[in-house]
Amino acid sequence: MTFENLVLHSNCAVKIQFKGEQIKAVSKIEEVSNYVKKTLQAKWVKWVHHATKPAESSEEKSANVIKGIISKHCAICLNLNGCCFVKDKCPTKPLHPNCHCDTINIYPITATIESPIAKFTKYVFVSSAVDDKKQLFELWGYGIMDSEYLQQEFIKQATLAYSVGDYELGLLNEYGQRINITITLKRKNKNEYVTFRSGWMVYPNGKIVLITPYGRR
Ligand SMILES: [Zn+2]
Ligand SMILES: [Zn+2]
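With the first letter of the sequence shown counted as 1, position 109 gets the number 110 in this note's numbering; the numbers rise by one all the way through.
The structure is reproduced here in structure tokens:
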């Protein structure tokens with residue numbers, strides 16, 4: 002029984018108690034109620050750049066970068082349009098003189114998480130002279146055949162984190178706002194956990210897309 006399942010159907014914690022795992026169940030109930038509390042506390046806002054269409058894909062973001070050069074609109078604002086943030090972790094407006102962007106209060110988001118498999122098969126598990134991601138993951142017991150597991154694990158953890166505003170603001174530039182989310186993995190070969198930072202690009206209406214599976218602190 003994982004924490005994620007518990008969150009998905011609230012009766013689970015009670016069921017676990019009937020299985021005789023009272024202590025575990027109590028800590029799970031606390032974990033769940035903390036999560037629910039955090040969800041209720043998170044106040045969401047949406048960035049609005051009036052009269053332009055939010056960029057739903059990386060192609061549309063790139064098109065906005067060009068638009069930022071050839072029109073009077075600025076790419077940063079165009080690419081923030083429609084993006085959702087918790088109130089206390091939102092880019093600061095105005096972003097520049099004459100920035101007409103607004104933030105509007107919205108209901109809690111439904112997070113949509115994209116974690117492309119290629120980020121693992123063609124990035125994490127590819128040897129590189131400049132960094133040691135592959136060696137690190139292998140040291141923890143993970144290989145390229147675990148790519149699908151890691152993909153799903155990143156989706157689960159990012160869904161929980163983004164839904165309650167458990168993220169830090171990262172780089173903001175003409176492509177938009179990146180956020181950092183902490184990922185925790187259990188070492189396969191040891192009873193130990195490793196935590197590290199992953200980097201995500203924010204898209205409109207609660208969507209984030211994995212950019213950097215493993216980022217340095
Ligand atoms: Zn602007
Ligand atoms: Zn603006």
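We put the CB at the ideal spot given by N, CA and C, even for glycine. Since this is a predicted model, take the numbers as computed values, not measurements.
(message) Can you determine whether any heavy atom of ligand 2 sits closer than 8 Å to the C-beta of Lys-94, and answer yes or no?
(response) yes
(request) Please report how far the alpha carbon of Gly-207 lies from the alpha carbon of Lys-62, in whole angstroms. (result) 16 Å
(message) Given a cut-off of 9 Å on the beta-carbon distance, is the pair Ala-56 and Ala-112 in contact?
(response) no
(request) Measure the C-alpha to C-alpha separation of His-10 and Asp-167 and round it to an integer number of angstroms. (result) In this predicted model, His-10 has a pLDDT of only 44, less than 50, meaning its place in the structure is not dependable; the value taken from the coordinates is given anyway. Near 21 Å, if we compare the C-alpha coordinates of Asp-167 and His-10.
(message) Going by C-alpha to C-alpha distance, which of Cys-91, Cys-100, Phe-155 and Glu-154 sits closest to Lys-47?
(response) Cys-91
(message) Just to confirm before moving on: does the CB-CB distance between Ile-71 and Glu-175 stay below 9 Å?
(response) no
(request) Say yes only if the C-beta of Cys-91 is nearer than 8 Å to one or more non-hydrogen atoms of ligand 1, and no if none qualify. (result) no
(request) Take the Cβ of Cys-102 as the centre, count every other Cβ of all protein chains shown within 10 Å, and call the residue buried at 16 or more, exposed below. (result) buried
(message) Going by DSSP in three states, Cys-78 sits in which element: helix, strand or coil?
(response) helix
(message) Quick test of your reading: Gly-171 and Ile-180, contact by CB under 8 Å. State the CB separation rounded to the nearest angstrom.
(response) 6 Å
(request) Assign Gln-152 to buried or exposed, taking buried as 16 or more other Cβ atoms, counted over all protein chains shown, within 10 Å of its Cβ. (result) buried
(message) Less than 8 Å separating the Cβ of Ile-77 from some heavy atom of ligand 3?
(response) This structure does not include ligand 3; its bound ligands are ligand 1 and ligand 2.
(message) Cutting at 7 Å between CB atoms, please list the residues of its own chain near Leu-211, excluding the five before and the five after it.
(response) Glu-115, Ser-116, Pro-117, Lys-120, Phe-155, Ser-199 and Trp-201
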